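Protein sequence lines, in the order shown, are assigned to chains A and B. The first sequence begins at 18 in our numbering and counts up by one. The second sequence begins at 18 in our numbering and counts up by one.
2 protein chains.
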Amino acid sequence: MTPQDAYKELKERLHEIAILGSCEAVLGWEERTYMPRGGAKLRSEQVSLLAGMLHERFTDPKIGELIAAVEGTDIVADADSIDAANIRELRHDYDKETKLPKELVEEKAKVTSLAQGEWVTARAKRDFKLFLPWLEKVVAIAKREAECFGYEGEPYNALLDRYEPGAKTEEVAGVFAELRKDLVELNKKIQNAPKKPDESIIERTYKADLQAIFGEMVASAQGFDFNQGRLDVTTHPFCSGFGPGDTRITTRYNPHRLNDALFGIMHECGHALYEMGIPKEGNFGMPISESTSLGIHESQSRMWENQVGRSKDFWVYFFPQLQRIFRSAVGDVSLDDFYGAINCVKPSYIRVEADEATYNLHIMLRFELERALMKGEIKPADIAGEWNKRFKEYFGIEVDHDANGCLQDVHWSAGLIGYFPTYALGNLYSAQFFAKAKADIPGLHEQFQRGDLSGLLKWLRTNIHQHGRRYRAKDLVVKVTGEKLSHKPLMDYMTKKYSEIYGI
Amino acid sequence: MTPQDAYKELKERLHEIAILGSCEAVLGWEERTYMPRGGAKLRSEQVSLLAGMLHERFTDPKIGELIAAVEGTDIVADADSIDAANIRELRHDYDKETKLPKELVEEKAKVTSLAQGEWVTARAKRDFKLFLPWLEKVVAIAKREAECFGYEGEPYNALLDRYEPGAKTEEVAGVFAELRKDLVELNKKIQNAPKKPDESIIERTYKADLQAIFGEMVASAQGFDFNQGRLDVTTHPFCSGFGPGDTRITTRYNPHRLNDALFGIMHECGHALYEMGIPKEGNFGMPISESTSLGIHESQSRMWENQVGRSKDFWVYFFPQLQRIFRSAVGDVSLDDFYGAINCVKPSYIRVEADEATYNLHIMLRFELERALMKGEIKPADIAGEWNKRFKEYFGIEVDHDANGCLQDVHWSAGLIGYFPTYALGNLYSAQFFAKAKADIPGLHEQFQRGDLSGLLKWLRTNIHQHGRRYRAKDLVVKVTGEKLSHKPLMDYMTKKYSEIYGI
């Protein structure tokens with residue numbers, strides 16, 4: 018078999034795996050949007066059958082042989098080429114998926130399935146001790162996984178690499194440390210600011226069906242093509258790119274809080290535009306048709322949500338539209354007051370409800386604890402105490418109970434150690450990319466003020482989306498912005514914004 | 018391998034095939050309910066991948082070996098047992114699916130895919146000649162299929178057996194002939210009747226969202242459990258039983274015609290109640306967890322639509338409910354006038370719009386032509402002429418153009434020869450079953466008049482649903498009613514009903 022034939026067969030096999038994976042995506046979307054309660058058992062059988070088939074097909078030794086048959090040949094001679102990226106990333110993924118012994122995969126599936134139930138109970142009872150035995154199991158499994166994957170430096174690298182391929186814990190920790198210092202400082206200033214925006218504006222009555230109309234208008238302006246996707250309602254919002262031509266986003270409407278669905282839609286739409294923007298023709302199933310990393314994915318959602326959606330320029334155009342739709346809620350509100358209301362900063366216990374200025378502190382706290390757990394510097398039993406200590410230090414408030422502390426997120430019970438940092442990386446990338454986009458696009462402010470967001474989307478398509486997984490995240494950042502990842506663009510952006518809003 | 022082991026493995030394999038098939042069902046449902054236009058290409062790849070996998074798994078020679086390893090053993094010694102039915106029907110299906118050579122299956126897929134496009138064009142241009150070359154190909158393929166399947170008597174038996182296992186063309190034709198004679202007579206009387214109901218009542222304004230509310234109320238009364246299913250909107254209504262715990266129905270709302278969605282929902286709900294009522298526990302994927310035949314399936318939908326939904330007893334309870342919701346449309350209408358309006362008889366060209374009294378004439382016309390085609394008594398080129406001649410004879414009106422004649426239905430372009438008779442069989446079964454249910458259930462009329470439909474559902478569960486595919490349709494009819502299939506119960510029911518409405 019020639020390397021060309023091997024590469025061709027590899028592509029065909031991965032295309033079929035991708036189609037099968039997209040079937041699973043449809044089932045998962047439908048489960049969360051429309052499925053009646055009674056369908057749960059059947060759906061779990063459907064999804065686990067497909068998941069098993071997907072795993073079996075991708076870890077088939079033949080896949081390993083085909084990758085090996087292309088490695089080192091002319092096909093991948095140019096390390097910067099699409100083909101080289103395909104083979105490099107396939108090797109990465111194949112090794113990740115095949116290095117775990119079957120019994121460990123099965124044990125993890127069993128433990129996390131039970132742990133999630135126990136986590137729900139522990140959270141309801143606000144008692145970390147109930148969850149501790151399960152956290153111990155999950156951490157022990159994560160340690161074994163890290164050993165199976167292998168790593169340079171510390172074990173956390175092996176876990177982080179699943180979600181942010183090629184990222185190094187120490188580098189991430191370095192950027193986070195600088196960010197934390199500045200953020201704690203900024204938040205103190207905000208707490209003591211003379212000026213306070215009036216958040217109650219966004220807590221007036223906003224009828225759900227009208228929020229949906231406004232949300233679709235904004236998503237369309239972002240560039241979401243409703244012929245190639247849909248917006249539906251779910252309890253936990255998400256974006257799912259089924260494949261070429263079909264990308265779904267979801268949201269939930271709170272008629273007494275405008276922010277949730279509005280910025281939720283802009284956020285998921287950011288993910289969707291990335292999915293829609295990665296060229297897939299002839300490569301569906303190959304890494305080049307996929308996103309760079311979870312962090313880069315999050316940079317797209319956060320940029321649209323925050324740098325665009327929470328900017329004053331954006332609302333110069335969209336606030337009058339909003340007023341037309343919600344006249345009784347905001348007819349008498351000024352643009353400045355509205356802008357202040359959507360940008361209110363308030364330290365709070367719950368990550369998913371956090372504002373821009375405190376959000377990353379939530380993430381860094383989790384990252385530090387995960388890293389220390391994996392190094393063995395702390396034990397699972399120390400988690401509640403360590404959490405509360407750090408929370409007081411970063412946020413200036415005491416955690417009142419574990420459900421508002423270390424029990425709030427589903428991730429650990431689901432075995433997702435190494436995932437959290439990608440949220441903060443996304444925020445860092447987004448600010449650094451957006452600063453470059455502003456520099457590159459003349460008149461971007463004015464475009465936003467006219468409601469024209471197409472210039473930004475075009476820039477993202479050209480500079481980020483078109484590359485798929487061609488570059489690793491940290492290299493992409495350098496390629497796009499000319500600089501290594503830094504906390505400065507994010508701090509500059511926030512400092513400028515909050516100085517104006519809070520008069521600090 | 019013991020017969021017990023073989024049977025166990027067979028069940029496991031078929032269970033997995035059924036789960037995979039249910040994935041395809043979800044994709045098919047989503048395609049017709051929510052999928053955006055742009056998703057069509059991906060969806061067709063998904064569905065054809067799953068269809069291919071399903072075919073491959075079911076026609077695996079190992080399945081044949083396992084069936085053979087159980088046949089003739091103690092497991093199937095009692096011919097009336099569930100296990101014997103499972104093996105009998107699996108043999109039937111396995112032979113059907115494996116007897117066709119791959120090249121014929123592929124050729125049919127290609128021809129029918131093209132033929133459906135050509136049919137759309139020909140219908141739009143109202144020109145049978147454009148479709149003729151494709152009908153010739155489809156008929157030639159059907160003849161080859163019949164030869165592959167093998168048959169006793171005439172070739173049409175081999176095709177009919179796909180949809181109505183065990184049915185014999187000659188027997189069906191015998192019942193149809195008697196029905197046709199009586200129906201033509203009845204319709205003539207109705208045309209010349211002194212009394213005419215006022216159909217315009219159902220053509221007033223009925224807002225779609227209120228129709229949906231009323232429709233869900235009726236479906237709930239029928240016994241449809243909305244925790245185990247949904248009602249959605251599609252262009253072409255259907256029912257899809259995904260599997261245990263999840264059965265979907267769809268409809269379409271015409272705000273200027275009440276009948277379509279109302280009786281459409283009752284019809285699809287009848288299919289759904291059958292799907293929901295067949296015991297699947299421990300047998301999902303085995304024939305015993307499936308429906309008897311398309312004809313029996315249709316008997317369930319038609320019974321709820323016609324014997325229940327178009328009865329006066331039903332409306333004694335539901336008409337006041339309808340009046341509360343649609344006060345301006347029917348607030349001033351009497352029950353009798355409403356009952357007349359929903360039961361109007363009017364010969365018309367289009368089968369899917371036909372009333373109860375003319376519907377079966379449409380079916381018999383198709384059945385006769387298909388049968389003659391397969392026997393070689395007529396050629397595809399004769400179809401338009403033969404159609405129009407018979408139409409005039411049965412309906413008393415001239416076909417004005419081919420789109421109102423032989424080009425109206427999708428079935429032939431899709432290669433579904435042998436399917437049509439199941440529609441009329443469904444009507445015959447439904448009347449025969451319903452007559453027995455009335456005799457068996459004391460006070461059924463009064464139950465309906467109180468809006469209580471549970472007595473009928475219980476009877477259907479006990480007498481029909483619980484058996485799944487245990488009996489062949491014609492045996493089930495005898496088992497349930499004590500009589501062979503006859504046109505009499507249907508004619509008795511219609512004669513009584515229309516005598517009253519039309520004063521004949």
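Beta carbons: idealized from backbone N, C-alpha and C, even for Gly. Remember, it's a predicted structure, so these values are computed and weren't measured experimentally.
Between L382/A and Y411/A, the C-beta spacing is below 8 Å. Per the C-alpha coordinates, the member of H253/B, L290/B, K28/B positioned closest to G246/B is L290/B. Boundaries of the beta strand (DSSP E) harbouring F259/B: 256 to 260, taken from the DSSP string. Close partners of I295/A in chain B (Cβ separation under 9 Å) are lacking, with about 14 Å as the shortest Cβ gap. For T264/B, the secondary structure class from DSSP, reduced to helix, strand or coil, is strand. Counting C-beta pairs closer than 8 Å gives three or more between the region 32 to 41 of chain A and the region 63 to 76 of chain A, which meets the contact rule. Remark: fewer than three beta-carbon pairs, one from each stretch, lie closer than 8 Å, so the region 190 to 202 of chain A and the region 448 to 463 of chain A are not flagged as touching.
Runs of the alpha helix (DSSP H) lying entirely within the region 136 to 217 of chain B and spanning at least 4 residues, in chain order: 145 to 166, 173 to 180, 186 to 208. If you compare the alpha carbons of G294/A, M508/A, A456/A, G326/A with that of I481/A, the shortest gap goes to G294/A. Around the C-beta of Q483/B, fewer than 16 other C-beta atoms lie within 10 Å, and the residue is accordingly described as exposed.
Cβ proximity to chain A below 9 Å picks out Y51, M52, P53, R54, G55, G56, A57, K58, L59, R60, E62 from the region 51 to 62 of chain B. Assignment of G246/B by DSSP, reduced to helix, strand and coil, places it in the strand class. Straight-line spacing of the CA atoms in G191/B and F243/B works out to 41 Å. Here A132/B is buried. Its C-beta has 16 or more other C-beta atoms within 10 Å. With 16 or more other CB atoms across the displayed protein chains lying within 10 angstroms of its CB, D419/B is buried. Chain-order list of chain B residues neighbouring F255/A: empty, with the shortest C-beta distance near 16 Å, by a criterion of under 8 Å. Of the candidates G45/B, I158/B, W404/B, I158/B places its Cα closest to the Cα of P118/B.
Under DSSP, N300/B takes part in no beta bridge, so it has no partner. The DSSP-derived three-state label of N271/B is strand. Two segments are said to touch when three or more pairs of C-beta atoms, one from each, lie closer than 8 Å; by this definition the region 331 to 344 of chain B touches the region 460 to 473 of chain B.
At a C-beta separation below 7 Å, G246/A has these neighbours in chain B: P53. Listed in chain order, the alpha helix (DSSP H) runs fully inside the region 434 to 472 of chain A are 438 to 457, 461 to 466, counting runs of at least 4 residues. The C-beta separation of G485/B from I305/B comes to about 4 Å, placing the pair in contact by the 8 Å criterion. Of all residues in the region 468 to 489 of chain A, none is placed with a Cβ closer than 9 Å to any Cβ belonging to chain B. When secondary structure is reduced to three states using DSSP, N360/B falls in the coil class, being assigned neither helix nor strand. Legend: CB atoms of the region 20 to 43 of chain A lying less than 8 Å from CB atoms of chain B belong to residues E33, I36, L37, S39, C40, V43.
In this structure, the alpha-carbon of T264/B lies about 52 Å from that of K453/A.
Contact annotation: in the region 218 to 248 of chain B, residues whose CB is within less than 9 Å of a CB in chain A are D242, F243, N244, Q245, G246, R247.
Interface annotation, G260/B: in contact with chain A, CB-CB separation under 8 Å. Cα atoms of K409/B and R140/B: separation of roughly 20 Å, rounded to the nearest angstrom.
Going by beta carbons, L203/A and M511/A fall inside the 8 Å limit. Annotation for K116/A: the continuous alpha helix (DSSP H) segment containing it runs 99 to 116.
By the Cβ criterion, the region 154 to 172 of chain B is not in contact with the region 366 to 380 of chain B, since fewer than three pairs of Cβ atoms, one from each stretch, lie closer than 8 Å. Interface with chain A (8 Å Cβ-Cβ cutoff): L66/B is included.
DSSP places P53/B in the coil class of the three-state scheme, outside both helix and strand. Look at D77/B: its C-beta is not under 8 Å from any C-beta on chain A.
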